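Going left to right, the sequence shown walks through residues 1 to 60 as full-length UniProt numbering numbers them. Note that CB positions come from ideal geometry on N, CA and C, so glycine has one too. Bear in mind the structure is a predicted one, so any value in this text is a computation, not a measurement. Below is one structure; the comments refer to it alone.
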Amino acid sequence: MKPLPGSADRHDSPEPHVRPDVHHDSIEAADPKSLREGQKVTMEVTQGAKGPQAERVVPG
């Protein structure tokens, strides 16, 4: 699967989020909580039980 571009945003939350939804276990970084608002990422999008979800998220 080809990685897709994306970015992190806050959406009124103290921690940045990637859209589509991503679990912190899918963020490939030494500290998954180190994503900054607006930071570019690449990801693979898969179909989860609740809709699209991001996998293999790599901060850029």
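Output yes or no for whether 8 Å exceeds the beta carbon distance between glycine 60 and threonine 42. Translated into the one-based positions of the sequence shown, residue 60 becomes position 60. Translated into the one-based positions of the sequence shown, residue 42 becomes position 42. In contact: glycine 60 and threonine 42 (Cβ atoms closer than 8 Å).
Can glutamate 44 and glutamate 28 be called in contact, C-beta distance under 8 Å? As a position in the sequence shown, residue 44 is number 44, starting the count at 1. As a position in the sequence shown, residue 28 is number 28, starting the count at 1. Cβ atoms of glutamate 44 and glutamate 28: not closer than 8 Å.
Inter-residue Cα distance where the pair is alanine 49 and histidine 23: Locating residue 49 in the sequence shown gives position 49, counting from the first residue. Locating residue 23 in the sequence shown gives position 23, counting from the first residue. Distance between the alpha carbons of alanine 49 and histidine 23: 13 Å.
Go ahead and pull the three-state DSSP assignment for alanine 40. Here the question's residue 40 lines up with position 40 in the sequence shown. Checking the sequence shown, residue 40 turns out to be lysine, not alanine. Here lysine 40 sits in strand by DSSP.
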